[in-house]
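Visitor: Here it is: the structure, laid out below.
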Amino acid sequence: MTRFPDLPDATVLADPEALEPYRRDESHVQGDLPLAVVWPKGPAALKELVRLAKAEGFGLVPRGAGTGKAGGCVPMGEHAVVVDFSAWRGELLLSPQDLCLSAPASAPLREVKATAAAGGLFYPPDPNSWESCALGGTLATNAGGPNACKYGMTRHWVLSVDAVLEDGEVHTFGIHSVKANAGPALGQLLIGSEGIFGFIVGATLRLTPLPREHATLLLPAKRWEDLLDLPGRLCGAGYLPSAFEFFDPAVLAELRAHGPDEARRLPGEALAILEFDDRGCTFGPFLEGLMDLLGPMAESLEIASDARQRAGIWAVRRMTSAFLKERHPKKVSEDIVVPRSRLREFFAGLERLAIPSVTYGHLGDGNLHVNLLGAGEADPAELDQQLMDLFRLALSLGGTLSGEHGIGLSKREAFLSLSDPGQIRALRALKQALDPHGIFNPGKVL
Ligand code: MLT
Ligand code: ZN
1 MTRFPDLPDA
11 TVLADPEALE
21 PYRRDESHVQ
31 GDLPLAVVWP
41 KGPAALKELV
51 RLAKAEGFGL
61 VPRGAGTGKA
71 GGCVPMGEHA
81 VVVDFSAWRG
91 ELLLSPQDLC
101 LSAPASAPLR
111 EVKATAAAGG
121 LFYPPDPNSW
131 ESCALGGTLA
141 TNAGGPNACK
151 YGMTRHWVLS
161 VDAVLEDGEV
171 HTFGIHSVKA
181 NAGPALGQLL
191 IGSEGIFGFI
201 VGATLRLTPL
211 PREHATLLLP
221 AKRWEDLLDL
231 PGRLCGAGYL
241 PSAFEFFDPA
251 VLAELRAHGP
261 DEARRLPGEA
271 LAILEFDDRG
281 CTFGPFLEGL
291 MDLLGPMAES
301 LEIASDARQR
311 AGIWAVRRMT
321 SAFLKERHPK
331 KVSEDIVVPR
341 SRLREFFAGL
351 ERLAIPSVTY
361 GHLGDGNLHV
371 NLLGAGEADP
381 AELDQQLMDL
391 FRLALSLGGT
401 LSGEHGIGLS
411 KREAFLSLSD
421 PGQIRALRAL
431 KQALDPHGIF
441 NPGKVL
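Number 418 in full-length UniProt numbering belongs to position 418 of the sequence shown; there are no gaps in the numbering.
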């Protein structure tokens, strides 16, 4: 192909200099220069693109807002075309009767959440990038976030997906109801597939009434190990936080020393941020029961007294990833998971392995951002070994190597070598059946 052809209802960019930014997302990996970037505006463009990809033998790499953390949207090899969904047309349609909202993949997640909220409804998924990411990316990666502690991941909030498959047509999987049981849920297979089976172009999302009360608590710990049993103890006693986040002593110290004003005031050796959104969570009986459960730790508990304080606490938590990245540009941030009942064993194992790392993240659901701040200076073979040791530790405790970011390029080798071979065989068979020409996001995940 000498010149990338024009497409109906799409914008095409093929100037190599302008293509440079498309080699990256927000992970530490860098891909190859794509042949072109295409912005399809509707199904006709996508249909032609699929036809061309099959005829000319190039791969299609989906891209939302480029905020992914695993290299899932960066091109690999010489024959890749980035399909940027930001110009895809479509409206946000709220249906209060059906408790759902339909939106195109291009919709900013911020707008999805705001549209639901304006109708008194709640769309819980809240990845850290929620103010800048696109809905399509969150569907392709099954995004998480702090609220997953109570509400689960993106896949738990999708009623139906519209996706283009290898025939070039857009198909809808699912209906506008929580009850749909006519055969296996193919839509669920597409969510979190990182675009290797087809591309999601829109979805109908499940909503729930918007919580009206929030109790946001800062829980400093003198000995940070005291925090580790708490998620399990709270859940065991019937307290399910809508978020339970934490900073280990090293992250907290760095935030306090170099972070914004709100961070400089943070108390404790280590710190947990707990939030509840149950009805009555800001009143006496709920909080008294919680204090009893916390025991001596409750003495240093601070409760956000108003929306401004709550926003300040969350602002610090939300900027932690970017803050650490700015200070340690070559850091590697992982997102392993262990069941919350195994947190103490995980940290004991991490200490035994002596992996130079700091940790913060979603303590309440066992999803931990283990950050190797010195990764840029480390010997690459040693770094690989450390990451494999970290993943093996998580797996040995009944966990997984990724709770949020997905596999993409960055964890592909580890995923292939550490997963049950039967799982990989089944996924490869599905890939072959759904994408026999191998055009959808080649080189990712499998
Ligand atoms: C977070 O919770 O801050 C993120 O998922 C970020 C990360 O791992 O960098
Ligand atoms: Zn996270």
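Beta carbons are placed, not taken as given, at the ideal position from N, Cα and C, and that holds for glycine.
Can you tell me which residues form a DSSP beta bridge with Gln30?
Guide: Taking the sequence shown and counting its residues from 1, the one referred to as residue 30 is at position 30. Answer is Arg24, bridged to Gln30.
Visitor: Going straight from the alpha carbon of Pro184 to that of Ala433, what length do you get?
Guide: Taking the first residue of the sequence shown as 1, we reach residue 184 at position 184. Taking the first residue of the sequence shown as 1, we reach residue 433 at position 433. The alpha-carbon atoms of Pro184 and Ala433 are separated by roughly 16 Å.
Visitor: Taking the CB atoms as reference points, tell me whether Leu92 and Glu111 lie closer together than 8 Å.
Guide: Within the sequence shown, numbered from 1, the residue matching residue 92 stands at position 92. Within the sequence shown, numbered from 1, the residue matching residue 111 stands at position 111. Against a cut-off of 8 Å, the Cβ pair of Glu111 and Leu92 comes out as a contact.
Visitor: Using beta-carbon positions only, say whether Leu363 and Leu343 come within less than 8 Å of one another.
Guide: As a first step, residue 363 is located in the sequence shown; it is residue number 363 there, counting from the start. As a first step, residue 343 is located in the sequence shown; it is residue number 343 there, counting from the start. Cβ distance < 8 Å, so Leu363 and Leu343 count as in contact.
Visitor: From which residue to which residue does the beta strand (DSSP E) around Pro62 run?
Guide: As a working note, residue 62 is residue 62 in the sequence shown. 59 to 63 is the span of the beta strand (DSSP E), which, as asked, contains Pro62.
Visitor: Kindly confirm or deny that the region 144 to 156 and the region 165 to 174 touch, where touching means at least three C-beta pairs closer than 8 Å.
Guide: In short, these stretches do not touch, since the Cβ pair count stays below three.
Visitor: Roughly how many angstroms separate the alpha carbons of Val38 and Pro380, rounded to a whole number?
Guide: Translated into positions along the sequence shown, residue 38 becomes position 38. Translated into positions along the sequence shown, residue 380 becomes position 380. The straight-line gap from Cα to Cα measures roughly 34 Å.
Visitor: For a test of your reading of the model: does the CB of Gly422 fall under 7 Å from any non-hydrogen atom of ligand 2? Yes or no.
Guide: Residue 422 sits at position 422 when you count from the first residue of the sequence shown. No; taking the cut-off as 7 Å, the Cβ of Gly422 has no heavy atom of ligand 2 nearer than that.
Visitor: Please determine, among Trp224, Ala53, Ala80, Leu13, the residue with the shortest C-alpha to C-alpha distance to Gly31.
Guide: As a working mapping, residue 31 is identified with position 31 in the sequence shown. Nearest of Trp224, Ala53, Ala80, Leu13 to Gly31, Cα basis: Ala80.
Visitor: Sort Phe323, Ala315, Ala307 by Cα distance to Ala253 and report the nearest one.
Guide: Locating residue 253 in the sequence shown gives position 253, where the first residue counts as 1. Ala253 has its Cα closest to that of Phe323, out of Phe323, Ala315, Ala307.
Visitor: Answer yes or no: do Val164 and Gly195 have a C-beta to C-beta separation smaller than 8 Å?
Guide: Counting from 1 along the sequence shown, the entry for residue 164 is found at position 164. Counting from 1 along the sequence shown, the entry for residue 195 is found at position 195. No, they are not a contact pair.
Visitor: Suppose contacts are defined by Cβ-Cβ distances below 8 Å. Is Ala140 in contact with Pro62 by that definition?
Guide: For this step, residue 140 is matched to residue 140 along the sequence shown. For this step, residue 62 is matched to residue 62 along the sequence shown. Contact: yes.
Visitor: Less than 7 Å between C-beta atoms, sequence neighbours within five positions excluded: which residues of the same chain meet that for Gly136?
Guide: For the purposes of this step, residue 136 is identified with residue 136 of the sequence shown, where counting begins at 1. Answer for Gly136: Gly64, Phe85, Ala105, Ser106, Ile200, listed in chain order.
Visitor: Just to confirm, does Lys330 get its C-beta within under 7 Å of one of the non-hydrogen atoms of ligand 1?
Guide: As a working note, residue 330 is residue 330 in the sequence shown. Every heavy atom of ligand 1 is 7 Å or more from the Cβ of Lys330, so no.
Visitor: Hey, could you find the ends of the alpha helix (DSSP H) residue 452 is sitting in?
Guide: Since the displayed the chain opens at 1 and closes at 446, residue 452 lies outside it and no answer follows.
Visitor: When the Cα atoms are used, what is the spatial distance from His328 to Arg24?
Guide: Locating residue 328 in the sequence shown gives position 328, counting from the first residue. Locating residue 24 in the sequence shown gives position 24, counting from the first residue. If I take the Cα positions, the gap works out to 18 Å.
Visitor: If you follow the beta strand (DSSP E) that Val37 is part of, which residue opens it and which one closes it?
Guide: The residue given as residue 37 occupies position 37 in the sequence shown. That run of the beta strand (DSSP E) goes 36 to 40.
Visitor: Could you compute how far the alpha carbon of Met291 sits from the alpha carbon of Gly366?
Guide: Reading the sequence shown from its first residue, position 291 is the one you call residue 291. Reading the sequence shown from its first residue, position 366 is the one you call residue 366. Each residue's alpha carbon lies about 22 Å from the other.
Visitor: By Cβ distance, which residues of its chain are closer than 7 Å to Ala304, with the 5 residues on each side in sequence left out?
Guide: Working through the sequence shown from its first residue, we reach residue 304 at position 304. Once the five neighbours on either side are set aside, the close Cβ partners of Ala304 are Thr216, Arg310, Ile313.
Visitor: What span of residues does the alpha helix (DSSP H) with Cys149 cover, start to end?
Guide: As a first step, residue 149 is located in the sequence shown; it is residue number 149 there, counting from the start. Segment 148 to 151, the alpha helix (DSSP H) holding Cys149.
Visitor: Ends of the alpha helix (DSSP H) at Arg256?
Guide: Counted from its first residue, the sequence shown places residue 256 at position 256. Looking at the DSSP string, the run of the alpha helix (DSSP H) that includes Arg256 is 249 to 258.
Visitor: Please look up how many angstroms separate the CB atoms of Phe369 and Ser341, rounded, as I've assumed it's under 8 Å.
Guide: The residue labelled residue 369 in the question sits at position 369 within the sequence shown. The residue labelled residue 341 in the question sits at position 341 within the sequence shown. The amino acid occupying residue 369 in the given sequence is His; Phe does not appear at that position. So it is not a contact: roughly 20 Å between Cβ atoms.
Visitor: Measuring alpha carbon to alpha carbon, tell me which residue in Glu377, Arg317, Asp384 is nearest Thr359.
Guide: Taking the sequence shown and counting its residues from 1, one reaches residue 359 at position 359. Answer by Cα proximity: Arg317.
Visitor: Give me the pocket residues for ligand 1, defined as CB within less than 5 Å of any heavy atom, sorted by chain position.
Guide: So the residues near ligand 1 by this Cβ test are Asn128, Ser321, Ser333, His369.
Visitor: I'd like to check one pair, Ala203 with Ala103: are the Cβ atoms closer than 8 Å?
Guide: If you number the sequence shown from 1, residue 103 lands on position 103. If you number the sequence shown from 1, residue 203 lands on position 203. Taking 8 Å as the Cβ cut-off, Ala103 and Ala203 qualify as a contacting pair.
Visitor: Spell out the partners DSSP gives Gly408 in its beta bridges.
Guide: Within the sequence shown, the letter at position 408 stands for residue 408. Paired residues: none, contrary to the question.
Visitor: Residues in its own chain within less than 8 Å of Ser396 by CB, not counting five upstream and five downstream?
Guide: As a first step, residue 396 must be located in the sequence shown, where it is residue number 396. If we look at Ser396 and ignore the five residues flanking it on each side, its Cβ neighbours are Gly349.
Visitor: I'd like the list of long-range same chain contacts for Val251, defined as Cβ closer than 6 Å, with 5 residues on each side in sequence excluded.
Guide: Counted from its first residue, the sequence shown places residue 251 at position 251. Excluding residues within five positions, the ones whose Cβ falls inside 6 Å are Val358, Tyr360.
Visitor: Within 10 angstroms of its Cβ, does Pro8 collect 16 or more other Cβ (buried), or is it exposed?
Guide: One-based indexing of the sequence shown puts residue 8 at position 8. Exposed: under 16 other Cβ atoms inside 10 Å.
Visitor: Quick check: the Cα distance between Cys281 and Gly268, rounded to an integer number of angstroms?
Guide: As a first step, residue 281 must be located in the sequence shown, where it is residue number 281. As a first step, residue 268 must be located in the sequence shown, where it is residue number 268. Each residue's alpha carbon lies about 24 Å from the other.
Visitor: Compute the minimum distance between the beta carbon of Glu345 and the heavy atoms of ligand 2, and state whether it is under 7 Å.
Guide: Within the sequence shown, residue 345 is the residue found at index 345, counting from 1. No, the Cβ of Glu345 stays beyond 7 Å of every heavy atom of ligand 2.
Visitor: Go through its chain and collect everything with a Cβ distance to Leu353's Cβ below 6 Å, but skip five positions before and after it.
Guide: As a working note, residue 353 is residue 353 in the sequence shown. Within the same chain, Leu353 has close Cβ partners Asp389.
Visitor: May I ask you to check if the CB of Gly137 is nearer than 7 Å to at least one heavy atom of ligand 2?
Guide: Along the sequence shown, read from residue 1 onward, the residue named residue 137 stands at position 137. No, the Cβ of Gly137 stays beyond 7 Å of every heavy atom of ligand 2.
Visitor: Using 7 Å as the cut-off, classify the Cβ of Gly408 as near or not near the heavy atoms of ligand 2, replying yes or no.
Guide: The residue labelled residue 408 in the question sits at position 408 within the sequence shown. No, the Cβ of Gly408 stays beyond 7 Å of every heavy atom of ligand 2.
Visitor: For Ala114, which of Gly90, Glu131, Cys235, Val12 has the nearest alpha-carbon?
Guide: By 1-based counting over the sequence shown, the position of residue 114 is 114. That would be Glu131, whose Cα lies nearest to the Cα of Ala114.
Visitor: Opposite Leu372 in the DSSP bridges: which residues?
Guide: For this step, residue 372 is matched to residue 372 along the sequence shown. Beta-bridge pairing links Leu372 to Val332.
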